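Below is one structure, written out as structure tokens; the observations come after it.
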Amino acid sequence: MSRWIPLWLHKLGSPPIFYRFAGALRPWFLGLALIAGAVALYGGLVLAPADYQQGDAYRIIFIHVPSAWMGLFVYGVMAVASFIALVWRIKLAEAVAMESAPIGAAFTFITLVTGSLWGKPMWGTWWTWDARLTSELVLLFLYLGVIGLYHAFEDRRQGARAAAFLAIVGIINVPIVHFSVNWWNTLHQGSTVRILGPSKISGDMLWPLLTMMVATKLYYVASLFGRVRADLLELEGGKDWVRRIATGEVVPGEQA
Amino acid sequence: MSQFLAMGGYAAYVWPAYAVFFVVLFADFIAPLLRRRRNLRELRARLARQSARQQRTAAPPVTP
Amino acid sequence: MNQASVSHACAAVLRRDLTLAWRRRGDIAMPVLYALIVATLFPFALGPEDALLQRIAGGVVLVTVLLAMLLALDAMFRSDIEDGSLEQLVLAPQPLALMLGMKILAHWLTTALPLIVIAPLLAGMLHLPMAVMGVLLLALLLATPMLSLLGAMLVALTAGTRRSGMLLALMLLPLCVPVVIFAAGAVAAAQQGLPWIAPIAWLGAALALALVLAPLACATALRIALDA
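Read top to bottom, the protein sequences are chains A, B and C. Residue numbering for the first sequence follows the working numbering, beginning at 1 and increasing consecutively. Residue numbering for the second sequence follows the working numbering, beginning at 1 and increasing consecutively. Residue numbering for the third sequence follows the working numbering, beginning at 1 and increasing consecutively.
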């Protein structure tokens, strides 16, 4: 037991094996994500009652809050993978870190847009300089910086290592930004509006929210697998196993 | 049904939010698939060029 | 390696960079001129009302100084990368972090210090009250080294790339948000007659931390960006 787990992880780190592994698991994750997402949407849009204060507008919560969680979660995954990539120089960890960045940026972008669409009817404005919104915007810039640095290098692995370093610096920065933005907000006594008051969220609203959270996590894994697969093909372009896939000598258990 | 679509008067905010969610994630999902297909096509073209060049050099030189 | 050779090398790096900067005095004047131009444009855009300008003066001066520093940041290591002397520095037996710290100090002396010197002029043009001037200078004295240190780390990361001005700005923005918030917060608090020592103390603490950690991070970043 204690012997085969490290061995299995070691094997999984090899690009061709991970390529097959990810290819086999990806449809499952995607399917489960779609099912969980459909259940959550049915629960959130149809079954859950309208909020007594916000009416039906609060239903944006079922995508806004899971996306916000994913924005932070993906950043955490990216930072951990970056650390592994820098310390042990594992190619797969580099690919995971760099391919997480666009997904995280997509979720952060969704959070900002849906938050804005929610804010308009509730606060009467598309944007306010509230602590959470501002932190989220800074998070988006962190993601864009990592993506930009990665693509600025001619050599992709070198770019991945530099961007991984930036990702680690960024994760130290996230709590500092949050703290300073909170302080800034109290100083300027701006428009601190609380979407969800201290009131407890009812069970009818909570379970779709949690289901959606699970769905976004599953989706993230599926999307990450797809991206890492594409990335590995590019990185290993000259290797034999990629050549076999390109020429259509399909390995058993591997479709297209 | 139309009552559901109206979202208690907030349809103009709720549905675009959901549309953004799905469009962005769809784009995120489709991009690597397209990239993968393009890479494989380029790789195939490169392999074809390589083997053509090998055949040309392997052919015995014509001596007059 | 003994103490004397390290301090000797530090002094040599500092002297070399300052001499190089002095030979190209025009480049030192550029950020100052830029800051002057930006600060002049604000009254034209917003109108010359005293009250309005007074309210925004502190923030405008801080952001202007930050942008001017950003302008000069790109050039921090460029000539050294082009002539290969940075690689010599990486290979040198002296600790790289210390040598880079000296380079950052030289850069701060040649770009940030002139900006701090003209900051009272800029603030005066925007009618910042005289009483607040001291706090503004203190905030600048603590904030600009932070920006130099953070910026140096990012410049080192982009050392292996083509020219990267815009990318540098994109990467620096999230890092400099807290610095701007606390520096501008101190000035705003002083202007409103509130106690301003807390944000200054936070800035000072952050600077102490950055002084130790940023050169080390800078050295690591440079090694990552230069190794092939």
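No residue lacks a Cβ here, since even glycine has one placed at the ideal position from N, Cα and C. Keep in mind it's a predicted model, so treat the numbers as computed, not measured.
ILE172/A is classed as exposed because its beta carbon has fewer than 16 other beta carbons within 10 Å across all chains shown.
At a cut-off of 8 Å, the C-beta of MET171/C has a neighbouring C-beta in chain A. For TYR219/A, the nearest beta carbon of chain B is closer than 8 Å to its own beta carbon. Under a criterion of Cβ atoms nearer than 7 Å, the residues of chain A adjacent to LEU47/B are, in order, ARG243, ALA246 and THR247. The three-state secondary structure of ASP130/A, taken from DSSP, is coil. Under the Cβ distance rule, LEU167/C counts among the residues neighbouring chain A, one pair being separated by less than 8 Å.
Among the residues facing chain C, VAL87/A is not included, as its CB has no counterpart in that chain under 8 Å away. Between the C-alpha atoms of THR125/A and ALA68/A there is a straight-line separation of about 20 Å.
In this chain, the alpha helix (DSSP H) harbouring SER100/A covers 91–123. Residue contact check for LEU33/B against chain A: a CB pair falls below 8 Å. DSSP places ALA123/C inside the alpha helix (DSSP H), whose first and last residues are 113–125.
The Cβ atoms of ALA85/A and THR211/A lie no closer than 8 Å to each other. Beta-carbon to beta-carbon, ILE200/C and LEU149/C are separated by about 18 Å, too far to satisfy the 8 Å threshold.
Taking 8 Å as the cut-off, the beta carbon of ALA97/C is found closer than this to the beta carbon of CYS218/C. In the structure shown, ASP51/A falls within a strand segment according to DSSP collapsed to helix, strand and coil.
Exposed is the label assigned to GLN3/B, since fewer than 16 other Cβ atoms lie within 10 Å of its Cβ. The beta-carbon distance between VAL155/C and LEU168/C, rounded to whole angstroms, is 7 Å. This is short enough to meet the 8 Å contact definition.
Secondary structure at TRP4/A: helix, using DSSP grouped into helix, strand and coil. The beta carbon of PHE26/B does not come within 8 Å of any beta carbon belonging to chain A, so the residue lies off that interface. Out of ASP74/C, THR111/C, ALA188/C and PHE44/C, the CA that lies nearest to the CA of TRP22/C is found in THR111/C. LEU144/A sits away from GLY115/A, with the two beta carbons spaced by 8 Å or more.
LEU30/A and ALA27/B have their C-alpha atoms some 15 Å from each other.
Per DSSP, the continuous alpha helix (DSSP H) segment holding LYS217/A begins and ends at 203–235.
Of all residues in the stretch 176–193 of chain C, only VAL177, PRO178, ILE181, PHE182, GLY185, ALA188 and ALA189 come within less than 8 Å of chain A when Cβ atoms are compared, listed by chain position. Sequence-distant Cβ neighbours of ALA119/C in its own chain, meaning closer than 7 Å and more than five residues away, are VAL61, VAL65, LEU136, LEU137 and LEU140. With at least 16 other beta carbons inside 10 angstroms of its own, PHE18/A counts as buried. DSSP, read as helix, strand or coil, puts THR186/A in helix. Chain A places no beta carbon closer than 8 Å to that of LEU5/B, leaving this residue out of the contacts. In the DSSP assignment, ARG56/B falls within the alpha helix (DSSP H) that extends over 11–58. When C-beta distances to chain A are compared with 8 Å, every residue of the stretch 44–71 of chain C stays at or above that value.
Taking 8 Å as the cut-off, the Cβ atoms of MET78/A and GLY119/A do not count as close.
For ALA131/C, the secondary structure class from DSSP, reduced to helix, strand or coil, is helix.
A Cβ-Cβ contact shorter than 8 Å links GLN191/C with PRO129/C. Contact annotation: VAL132/C and GLY58/C have beta-carbon atoms nearer than 8 Å. Two segments are said to touch when three or more pairs of C-beta atoms, one from each, lie closer than 8 Å; by this definition the stretch 14–22 of chain B does not touch the stretch 216–229 of chain A. In this structure, LEU109/C lies away from GLY204/C, with their beta-carbon atoms at least 8 Å apart.
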